[in-house]
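>
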Amino acid sequence: MNEKWWKEAVVYEIYPASFQDSNGDGKGDLRGILSRLDYLKELGVDVLWLCPIYESPEADNGYDISDYYAINPAFGTMADFDELVEEAHKRGLKIMMDLVLNHTSDQHPWFKESRSSKDNPKRDYYYWRPGQNGLFPNNWESYFSGSVWELDKQTDEYYMHLYSVHQPDLNWNNAEMVNELYRMIRWWLAKGVDGFRFDAIAHIVKAAGLPNADNPEHLPVVQAYQLFSNLEKVHDMLKKLNEEVLIEYDIMTVGETSGLGPEQALEYVGDERHELNMVFQFEHMYLDAARPGTGKWEPRAWTVMELKKVLSRWQTTLHGRGWNANYLGNHDQPRPVSRFGNDTVYRVESAKLLATLLFTLEGTPYLYQGEEIGMTNARFPSIHDYRDIETLNYYEQAKLQGMSEQQILEAVWRKSRDNARTPMQWDASASAGFTTGVPWIKLHPNHEDINVTQALQDPNSILHYYRALIRLRNENKVLVYGDYKLLLPLDPQLYVYTRTLGEEKVLVLLNFSGHEASFAWPEDLQEQTKELMLANYKGESDEDGQTLPLRPYEARLYRIHS
Ligand code: NOJ
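Just so we're aligned, residue 880 is where the sequence shown starts under our numbering, counting upward by one.
1) Find the nearest neighbour of Leu1068 within the set Ser996, Leu1125, Asp1031, judged by alpha-carbon distance.
2) Taking the alpha carbon of Tyr1245 as the reference point, which residue from Met880, Glu882, Arg1170, Lys886 has its own alpha carbon closest?
3) If we ignore side chains and look at the alpha-carbon of each, how far apart do Val1027 and Lys1321 end up?
4) Assign Ile1439 to one of three DSSP states: helix, strand, or coil.
5) Going by C-alpha to C-alpha distance, which of Tyr1437, Glu1433, Gly1418 sits closest to Thr1379?
6) Strictly by DSSP, which residues pair up with Lys1409?
7) Does the beta carbon of Ala1079 fall short of 7 Å from some heavy atom of the ligand NOJ?
8) Report the CB separation of Leu1197 from Leu1145 in whole angstroms; it is logged as a contact under 8 Å.
9) For the candidate residues Gly1134, Tyr1416, Gly1172, Asn1330, whose alpha-carbon lies nearest to that of Gln1102?
10) Report yes if the C-beta distance between Asn1121 and Gly1393 is below 8 Å; otherwise report no.
11) So, does the region 1339–1350 touch the region 900–920, judging by three or more C-beta pairs under 8 Å?
12) Val924 and Ile1329 - do their beta-carbons sit closer together than 8 Å?
13) Among Ala1086, Glu1382, Arg994, Pro895, which one has its Cα closest to the Cα of His1045?
14) Is there at least one non-hydrogen atom of the ligand NOJ closer than 7 Å to the beta-carbon of His1210?
15) Can the beta-carbon of Pro1039 be found less than 8 Å from the beta-carbon of Tyr1006?
16) For Pro1302, count neighbouring C-beta atoms within 10 Å of its own C-beta (all shown protein chains included) and say buried if the count is 16 or more, exposed if not.
17) The ligand NOJ heavy atoms versus the CB of Tyr947: any closer than 7 Å?
18) Given a cut-off of 8 Å on the beta-carbon distance, is the pair Gly1138 and Ala1079 in contact?
19) Hey, would you say Pro1090 sits closer than 8 Å to Asn981, going by beta carbons?
20) Quick one: is the Cβ of Glu1135 within less than 7 Å of any heavy atom of the ligand NOJ?
21) Of the residues Asp1211, Tyr948, Ala953, which one's Cα is nearest the Cα of Pro936?
22) According to DSSP, is Asp1031 helix, strand or coil?
23) Hey, which unbroken runs of the beta strand (DSSP E) at 3 residues or more fall wholly within the region 1222–1295?
24) Is the region 884–902 touching the region 1245–1261 in the sense that three or more CB pairs, one from each, lie closer than 8 Å?
25) Given the structure, does Val979 come close to the ligand NOJ, in the sense that its CB is under 7 Å from one of the ligand's heavy atoms?
26) Quick check for students: name the residue ranges of the beta strand (DSSP E) that lie wholly in the region 1109–1156, counting only runs of 3 or more.
27) Drop a sphere of 10 angstroms on the beta-carbon of Arg1062, count the other beta-carbons inside from all chains shown, and report buried for 16 or more, exposed for fewer.
28) Rounded to whole angstroms, what is the Cα-Cα separation between Arg970 and Gly1424?
29) Out of curiosity, what's the CA-to-CA distance linking Leu1190 and Gln1372?
30) Under 8 Å Cβ to Cβ from Val1375, same chain only, skipping five residues before and after it: list those, please.
31) For the ligand NOJ, I want to know if Tyr1006 counts as a neighbour, meaning its beta carbon is within less than 7 Å of at least one of the ligand's heavy atoms.
32) Relative to the alpha-carbon of Asn1415, which residue among Leu1288, Leu1232, Pro895, Leu1041 has its alpha-carbon at the smallest distance?
33) Which term fits Arg1076, buried or exposed, when burial requires 16 or more other beta carbons within 10 angstroms of its beta carbon?
34) Thinking Glu1241 and Tyr1363 are a contact (beta carbons under 8 Å), I'd like their distance in whole angstroms, please.
35) Look at the Cβ atom of Gly1418, then the Cβ atom of Glu1383, and state whether they are nearer than 8 Å.
36) Leaving out five residues before and five after Asn1094 in sequence, what residues of the same chain have Cβ atoms less than 7 Å from its Cβ?
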């Protein structure tokens, strides 16, 4: 298999507002990140993915960019950014920027011009349409609730926004606009950044004619993802972006592409496609939701069998043909330990089990700040404690639909993006070492027990386990490039697989449950010598060579010698 640095790298996602504040304004910033570079280096990660740090009115925490060429003053200055790149590089760390190319802020000068009159030269940079008999131009539903269309009084036409009303969608059919984006991307590359995460890239092309989605129930708006996701022309756009801009650089790219399976993902990441190195897929993120998109708020029971099935399909379909990006959490998702593990009785064990999974699958692992200390979902008592625009829009809609406060809050506790956006917990002090001021969003009260300082002191902490896993991955190419094979697909508790590269074989054994379990060694492995590489419990379990009893959320990693 083609070896690449970005296949071997471990990526750490930083949500700058919540990582480390340096000036006491209650919000994280670039100098804060600078002060934590050594911590990140010691953790063993290679690439820092910075969520957007550009100038922005922050309707969606920076995913609404008003100037692609400027740093949000709340995060610092361009000089701070340059210093961050330099200091990161000195330590062998790379910087990956988060680029939002599907939309801008409604405060971006392009949009201000575009909305000013129907014949403004930048009108066509965005999607403008007249209403249909006093109704929206079509029936598409926004990711953040309501219609994707907003009426602009100035010209009495609607503009499209797949996300909030403050995030108008850019029109990629306009070559001049696309050239402006190219120019901007070249500018960041010239600064020495090492890669990009392309936000919402699956949506940059919409179905020709912007047709209505099927709507048998005649609702005002309906989910219409198939009409603006992963359309054929997205690939033309990405090919061109590579040919015109990216090809000269040894960078890494990952695209956010919801709504696809692994076969379709190959259209982006297939070795011969030259579009993206990897994509973030969402199939495992939908397992606990009634439907994707706005349906995410309605719960659905997920099973370990389903999780194995989804991840295994991605592993085997992409093997040798493309490359996976693996993640269990990020700034848009609940905390993995609260979602896929157990954040009360078995928090430490299950966080370690999830880490074992993340670092032993084929693909580049992406971990999100705080996962390495097992941070848990926030459970704020009032909607007033929440800051996320998606959560607040959902709250309004759910109220209108007659849901009770309690019902809404329960959905929010499970799924709000703010679950992952509480400040990083550095120590047990009143502000968790995050700020000397008042944090922009409340801290999780459990920071007194769950924090980096505590974790560094405890040799059995989740943090030390992460370090050990990252070291193992670096030392064993079989964990990066090895062929994945699922064992026991129908076992409802155990997730077991092997990774094989030439003569090397590793077996990953995960008891994905809060109950004891027993693993019977398959016959072909019974006679072989098994060397324990890492485990999340101390002490050997009783082994008779044939069956292995496993404790709740026990994770074990074996090297199999033939
Ligand atoms: C995906 C980003 O991860 C999310 O935070 C943002 O709200 C949307 N894209 C819109 O940019």
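Note that the Cβ used here is the ideal one computed from N, Cα and C, for glycine as well.
Taking the structure as given:
1) In the sequence shown, counting from the first residue as 1, residue 1068 sits at position 189. Of the listed residues, the one whose Cα sits closest to Leu1068 is Leu1125.
2) In the sequence shown, residue 1245 corresponds to position 366, counting from 1. Ranking Met880, Glu882, Arg1170, Lys886 by Cα distance to Tyr1245 puts Lys886 first.
3) Stepping through the sequence shown from its first residue, residue 1027 is reached at position 148. Stepping through the sequence shown from its first residue, residue 1321 is reached at position 442. When rounded, the distance between both Cα atoms is 31 Å.
4) Indexing the sequence shown from 1 puts residue 1439 at position 560. If DSSP states are grouped into helix, strand and coil, Ile1439 belongs with the strands.
5) Here residue 1379 refers to the residue found at position 500 when the sequence shown is read from its first residue. Measuring C-alpha to C-alpha distances from Thr1379 to each of Tyr1437, Glu1433, Gly1418 identifies Tyr1437 as the nearest.
6) Working through the sequence shown from its first residue, we reach residue 1409 at position 530. For Lys1409, the beta-bridge partners assigned by DSSP are Ile1439.
7) For the purposes of this step, residue 1079 is identified with residue 200 of the sequence shown, where counting begins at 1. Yes, Cβ of Ala1079 sits closer than 7 Å to a heavy atom of the ligand NOJ.
8) Walking along the sequence shown from the start, residue 1197 turns up at place 318. Walking along the sequence shown from the start, residue 1145 turns up at place 266. Right, their Cβ atoms sit about 7 Å apart.
9) Here residue 1102 refers to the residue found at position 223 of the sequence shown. Minimum Cα distance to Gln1102 is reached at Gly1172.
10) Along the sequence shown, read from residue 1 onward, the residue named residue 1121 stands at position 242. Along the sequence shown, read from residue 1 onward, the residue named residue 1393 stands at position 514. No. Outside cutoff.
11) Result no; under three Cβ-Cβ pairs closer than 8 Å.
12) Sequence index remark: in the sequence shown, residue 1329 carries index 450 (1-based). Sequence index remark: in the sequence shown, residue 924 carries index 45 (1-based). Going by C-beta atoms, Ile1329 is not nearer than 8 Å to Val924.
13) On the sequence shown, residue 1045 is found 166 positions in, with the first residue counted as 1. Taking only the C-alpha atoms, the option nearest His1045 is Arg994.
14) Taking the first residue of the sequence shown as 1, we reach residue 1210 at position 331. True, at least one ligand heavy atom lies under 7 Å from that Cβ.
15) Start at 1 with the first residue of the sequence shown, and residue 1039 comes out as number 160. Start at 1 with the first residue of the sequence shown, and residue 1006 comes out as number 127. For the sequence presented, residue 1039 should be read as Met rather than Pro. Closer than 8 Å, so yes.
16) By one-based count along the sequence shown, residue 1302 stands at place 423. Classification for Pro1302: buried.
17) Sequence index remark: in the sequence shown, residue 947 carries index 68 (1-based). Closer than 7 Å to some heavy atom of the ligand NOJ: that does not describe the Cβ of Tyr947.
18) Counting from 1 along the sequence shown, the entry for residue 1138 is found at position 259. Counting from 1 along the sequence shown, the entry for residue 1079 is found at position 200. Ala1079 sits away from Gly1138, with the two beta carbons spaced by 8 Å or more.
19) Residue numbering aside, residue 1090 sits at position 211 when the sequence shown is read from its first letter. Residue numbering aside, residue 981 sits at position 102 when the sequence shown is read from its first letter. Contact flag unset, no.
20) Taking the sequence shown and counting its residues from 1, one reaches residue 1135 at position 256. Yes, the beta carbon of Glu1135 sits closer than 7 Å to at least one heavy atom of the ligand NOJ.
21) Taking the sequence shown and counting its residues from 1, the one referred to as residue 936 is at position 57. It is Ala953 whose Cα lies nearest to the Cα of Pro936.
22) For the purposes of this step, residue 1031 is identified with residue 152 of the sequence shown, where counting begins at 1. Residue state, collapsed to three classes: strand.
23) Along the length of the region 1222–1295, whole beta strand (DSSP E) runs at least 3 residues long occupy 1243–1247, reported in chain order.
24) Contact between the region 1245–1261 and the region 884–902 is present: 3 or more CB-CB pairs across the two stretches fall below 8 Å.
25) Within the sequence shown, the letter at position 100 stands for residue 979. For the ligand NOJ, at least one heavy atom lies less than 7 Å from the Cβ of Val979.
26) Along the length of the region 1109–1156, whole beta strand (DSSP E) runs at least 3 residues long occupy 1131–1135, reported in chain order.
27) Here the question's residue 1062 lines up with position 183 in the sequence shown. Looking at its Cβ environment, which holds fewer than 16 other Cβ atoms inside 10 Å, Arg1062 is exposed.
28) What you label residue 970 is simply residue 91 of the sequence shown in a count that begins at 1. What you label residue 1424 is simply residue 545 of the sequence shown in a count that begins at 1. Distance from the CA of Arg970 to the CA of Gly1424, rounded to the nearest whole angstrom, comes to 45 Å.
29) Locating residue 1190 in the sequence shown gives position 311, where the first residue counts as 1. Locating residue 1372 in the sequence shown gives position 493, where the first residue counts as 1. Going by the C-alpha atoms only, they are around 15 Å apart.
30) For the purposes of this step, residue 1375 is taken as residue 496 along the sequence shown, with counting starting at 1. Correct list, in chain order: Leu1365, Leu1366, Leu1367, Leu1386, Val1387, Leu1388, Leu1389, Phe1398.
31) Working through the sequence shown from its first residue, we reach residue 1006 at position 127. Not so, every heavy atom of the ligand NOJ lies at least 7 Å from the Cβ.
32) By one-based count along the sequence shown, residue 1415 stands at place 536. It is Leu1232.
33) Taking the first residue of the sequence shown as position 1, residue 1076 is located at position 197. Buried: at least 16 other Cβ atoms inside 10 Å.
34) Position 362 of the sequence shown holds residue 1241. Position 484 of the sequence shown holds residue 1363. About 5 Å; that satisfies the 8 Å criterion.
35) As a working note, residue 1418 is residue 539 in the sequence shown. As a working note, residue 1383 is residue 504 in the sequence shown. Their beta carbons are not under 8 Å apart, which means Gly1418 does not touch Glu1383 by this criterion.
36) Position 215 of the sequence shown, counting from 1, holds the residue named residue 1094. Residues of the same chain with a CB within less than 7 Å of the CB of Asn1094, apart from the 5 flanking positions on each side, are Asn1018, Val1101 in chain order.
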